[in-house]
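Novice: Sequential numbering from 552 applies to the sequence shown in the working numbering. Even for Gly, the Cβ is constructed at its ideal location relative to N, Cα and C. Since the structure is predicted, the reported quantities are computational estimates derived from the model, not experimental observations. My questions will all concern the structure given below.
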Amino acid sequence: MTQHPSDGAFQHGPLTGIRVLDLTGVIMGPYATHILADLGADVIKVESPEGDSTRNYQPLRHDGMSGSFLNLHRNKRGLLLDLKQEAGRKALRRLIESADVFVHNMRPKAIAKLGFGYEQVKAIKPDIVYCGAYGFSAKGPYGEKAAYDDLIQAGSGIAGLFGQVQGAPAYVPTVICDKLAGQAIAWSILAALVQKMRGGGGQSIEVPMLETSIEFTMVEHWGGGAFEPPLSPVGFVRLLSPRRKPYRTKDGHACILPYSDSNWRDFFDFVGRPEFKEDERFKRLASRVQHVEILYGLIEEVAPNHTSAEWVAFCDAKSIPCMPVLYVNDLHEDPHVQAVGLFGKAEHPSEGQYRTVRSPVTFSGAPFQIRHHAPRLGEHSVQVLREAGYSVAEIEALVGTGITVAGPVVPPAAKPPIGKMDVA
């Protein structure tokens, strides 16, 4: 690897000493490198003069520093390079020499035309871990199609599942396919780094959103469709029930989910239907799944008889899974979320105070920390280029031709540096 920290020198996380060149944009790739950065890797976010499009998601305090960008790009350093110019491409080639990982989400033909396909990068750094994150595998006819989360939800069967349940296809109201693929990018890179550390050398990785989302969706939905010939249509019966939903209680909504045999017996007693305990349809999980519409109908019928708090109290006492429905605006008030310190506040040098959500994964040897706030466009350009061996005069020449910048691109109204950080 680029660096070899001594024992006890991993205070920034288990990936301390790993350098990642991040040429990704929007959410899929940046979410992957967000994970790697929080794990301690030195992630260098390489941006064009226009910057990542997510920088200007509204609302924001200053141009180029949206709330989403603040959290998604923490612990990364920012480098501005105009790769349309040969001097910019030359600078990137010099940076590759000291990198462990190269990750991008350009379409295959576009990255090759730019001069940074796998074979081109491998020629510079033979043991590089190279990851191409695409909408669709380059091996198929969709390989050069543009891809966004909505498109992949439509093509992976996810939107269609809503059609089976609700009568019309719909999108999950979060960019689930972007983030699924982002996690796959992260663990794939980690696996390749392990192989490299064991002497297996570098390699090229392809992570396609569509295929990743299909594999994810089919885990539980194979059912009888996994057999040849099929024993039933593809689809998990319980999950495709229109009555599988949060139920209206006396004062809100809650997930009430008796699951085990004992859960259902206790539930039947509580709602005054003890005769269901002896009904063969409901005694065992396998038969309950086949008659789940009846059981979900019962829950829907009796849920309004009690408040959400009363349902939680009863269910917790009997170890029945139950949770009130929370909304994203209220998550920070949940007592469990508060107790584990998931949310915190930090002070960005130009954007002032902002709310954070820490990495949910904890390491006993490396507590979560924000080492770098999300970089302003080109903030670390000079620093990174100096590390690559560029002289002051050479950097000045790059700045003079617009290939990079001498400092962060800060809007005129931006605040002066504050430097304070208080993260739970």
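At which residues does the alpha helix (DSSP H) containing residue 581 begin and terminate?
Specialist: Here residue 581 corresponds to residue number 30 of the sequence shown, with the count starting at 1. 579 to 589 is the span of the alpha helix (DSSP H), which, as asked, contains residue 581.
Novice: From residue 735 to residue 778, what distance separates their C-alpha atoms?
Specialist: Indexing the sequence shown from 1 puts residue 735 at position 184. Indexing the sequence shown from 1 puts residue 778 at position 227. One C-alpha to the other measures close to 27 Å.
Novice: Could you check whether the stretch 804 to 813 touches the stretch 743 to 762, counting it as contact only if at least three pairs of C-beta atoms, one from each stretch, sit closer than 8 Å?
Specialist: They do not touch, by the three-pair rule.
Novice: Give me, in chain order, the residues of the same chain whose beta-carbon lies closer than 8 Å to that of residue 505; leave out the 5 immediate sequence neighbours on both sides.
Specialist: Since the first residue of the chain shown is 552 and the last is 975, residue 505 is not available in this structure.
Novice: Mapping the DSSP letters down to three states, classify residue 605 as helix, strand or coil.
Specialist: On the sequence shown, position 54 is the one that residue 605 refers to. The answer is helix: DSSP assigns residue 605 an H, G or I state.
Novice: What do you get for residue 570, buried or exposed, if any count of 16 or more other CB atoms within 10 angstroms of its CB means buried?
Specialist: Along the sequence shown, one-based indexing puts residue 570 at 19. Classification of residue 570: buried, given that the 10 Å Cβ count is 16 or more.
Novice: Tell me the start and end of each unbroken alpha helix (DSSP H) in the stretch 714 to 793 that is at least 4 residues and wholly inside, in chain order.
Specialist: Counting only runs of 4 or more, we get 727 to 746, 760 to 772.
Novice: Per DSSP, what are the beta-bridge partners of residue 955 in this structure?
Specialist: Residue numbering aside, residue 955 sits at position 404 when the sequence shown is read from its first letter. Looking at the DSSP assignment, residue 955 forms no beta bridge with any residue, so it has no partner.
Novice: Which of the three DSSP states, helix, strand or coil, is assigned to residue 963?
Specialist: Mapped onto the sequence shown, residue 963 falls at position 412. Low local confidence applies: a pLDDT of 44 at residue 963 is under 50, so the model's placement there is unreliable, with the coordinate-based value given in what follows. Note: residue 963 maps to coil in three-state DSSP.
Novice: Taking the CB atoms as reference points, tell me whether residue 681 and residue 699 lie closer together than 8 Å.
Specialist: As a position in the sequence shown, residue 681 is number 130, starting the count at 1. As a position in the sequence shown, residue 699 is number 148, starting the count at 1. For residue 681 and residue 699, no; Cβs fall outside 8 Å.
Novice: Would DSSP call residue 908 helix, strand or coil?
Specialist: Along the sequence shown, one-based indexing puts residue 908 at 357. The answer is strand: DSSP assigns residue 908 an E or B state.
Novice: Can we say the stretch 774 to 789 touches the stretch 852 to 861, given the rule of at least three CB pairs closer than 8 Å?
Specialist: No: the two stretches stay apart, fewer than three of their Cβ pairs being nearer than 8 Å.
Novice: Decide if residue 592 is buried, meaning its Cβ has at least 16 other Cβ atoms within 10 Å, or exposed.
Specialist: Stepping through the sequence shown from its first residue, residue 592 is reached at position 41. Classification of residue 592: buried, given that the 10 Å Cβ count is 16 or more.
Novice: Residue range of the alpha helix (DSSP H) that residue 675 falls in?
Specialist: Counting from one through the sequence shown, the residue named residue 675 turns up at place 124. Residues 669 to 675.
Novice: Looking only at its chain, what residues have a beta carbon closer than 8 Å to the beta carbon of residue 854, apart from the 5 residues adjacent to it on each side?
Specialist: Position 303 of the sequence shown, counted from the start, is the residue given in the question as residue 854. 798, 799, 800, 805, 807, 862.
Novice: Where do the N-terminal and C-terminal ends of the beta strand (DSSP E) with residue 593 fall, by residue?
Specialist: Indexing the sequence shown from 1 puts residue 593 at position 42. Note, residue 593: beta strand (DSSP E), 593 to 598.
Novice: Mind checking residue 656: buried by the 16 CB within 10 Å criterion, or exposed?
Specialist: One-based indexing of the sequence shown puts residue 656 at position 105. Buried: at least 16 other Cβ atoms inside 10 Å.
Novice: Helix, strand or coil for residue 641 per DSSP?
Specialist: Taking the sequence shown and counting its residues from 1, the one referred to as residue 641 is at position 90. Reduced to three states, the DSSP call for residue 641 is helix.
Novice: Quick check on DSSP: helix, strand or coil for residue 974?
Specialist: If you number the sequence shown from 1, residue 974 lands on position 423. Because residue 974 sits at a pLDDT of 35, beneath the cut-off of 50, its placement in the model cannot be relied upon, and the following sentence gives the value as read from the coordinates. Three-state result, residue 974: coil.
Novice: Run through DSSP, which three-state label would residue 898 get?
Specialist: Translated into positions along the sequence shown, residue 898 becomes position 347. Three-state DSSP puts residue 898 in a strand.
Novice: Who are residue 617's beta bridge partners in DSSP?
Specialist: In the sequence shown, counting from the first residue as 1, residue 617 sits at position 66. Residue 617 is bridged to 611.
Novice: Between which two residues does the beta strand (DSSP E) holding residue 927 run?
Specialist: Translated into the one-based positions of the sequence shown, residue 927 becomes position 376. Unbroken run through residue 927: none, as it is neither H nor E.
Novice: Spatial neighbours of residue 956 within its chain, please: CB distance less than 7 Å, with the 5 preceding and 5 following residues excluded, ordered by chain position.
Specialist: Within the sequence shown, numbered from 1, the residue matching residue 956 stands at position 405. Cβ within range, chain order: 631, 929, 932, 950.
Novice: Which of the three DSSP states is assigned to residue 848 in this structure?
Specialist: Residue 848 sits at position 297 when you count from the first residue of the sequence shown. In the structure shown, residue 848 sits in a helix (DSSP, three-state: H, G or I).
Novice: Whether or not the stretch 689 to 708 and the stretch 760 to 767 are in contact is what I'm after, with contact meaning three or more pairs of Cβ atoms, one per stretch, closer than 8 Å; do they touch?
Specialist: Segments in contact, yes.
Novice: So if DSSP puts residue 807 in a beta bridge, which residue, or which two residues, is it bridged to?
Specialist: Reading the sequence shown from its first residue, position 256 is the one you call residue 807. Note: residue 807 sits in a beta bridge opposite 873.
Novice: What residue range does the beta strand (DSSP E) around residue 655 cover?
Specialist: Your numbering for residue 655 matches position 104 in the sequence shown. Looking at the DSSP string, the run of the beta strand (DSSP E) that includes residue 655 is 652 to 655.
Novice: At what residues does the beta strand (DSSP E) containing residue 684 begin and finish?
Specialist: Position 133 of the sequence shown, counted from the start, is the residue given in the question as residue 684. Residues 680 to 685.
Novice: Just to confirm, are residue 579 and residue 743 a CB contact at a threshold of 8 Å?
Specialist: Taking the first residue of the sequence shown as position 1, residue 579 is located at position 28. Taking the first residue of the sequence shown as position 1, residue 743 is located at position 192. No.
Novice: Once you ignore the five residues that flank residue 633 on each side, which residues in its own chain have a CB closer than 7 Å to its CB?
Specialist: Taking the sequence shown and counting its residues from 1, one reaches residue 633 at position 82. So the list reads 599, 600, 639, 953, 954, once near-sequence residues are dropped.
Novice: Assign residue 678 to buried or exposed, taking buried as 16 or more other Cβ atoms, counted over all protein chains shown, within 10 Å of its Cβ.
Specialist: In the sequence shown, the residue the question calls residue 678 occupies position 127. Counting Cβ neighbours within 10 Å, residue 678 comes out exposed, since fewer than 16 surround it.
Novice: Just the C-alpha distance for residue 958 and residue 586, rounded to the nearest angstrom, thanks.
Specialist: Residue 958 sits at position 407 when you count from the first residue of the sequence shown. Residue 586 sits at position 35 when you count from the first residue of the sequence shown. Going by the C-alpha atoms only, they are around 26 Å apart.
Novice: What do you reckon, is the C-beta of residue 882 under 7 Å from a heavy atom of the ligand FAD?
Specialist: With respect to the ligand FAD, the structure shown offers nothing to examine, as it has no ligands at all.
Novice: Which stretch, first to last residue, makes up the alpha helix (DSSP H) that contains residue 627?
Specialist: Here residue 627 refers to the residue found at position 76 of the sequence shown. Run containing residue 627: none in the alpha helix (DSSP H); it sits in the beta strand (DSSP E), 627 to 631.
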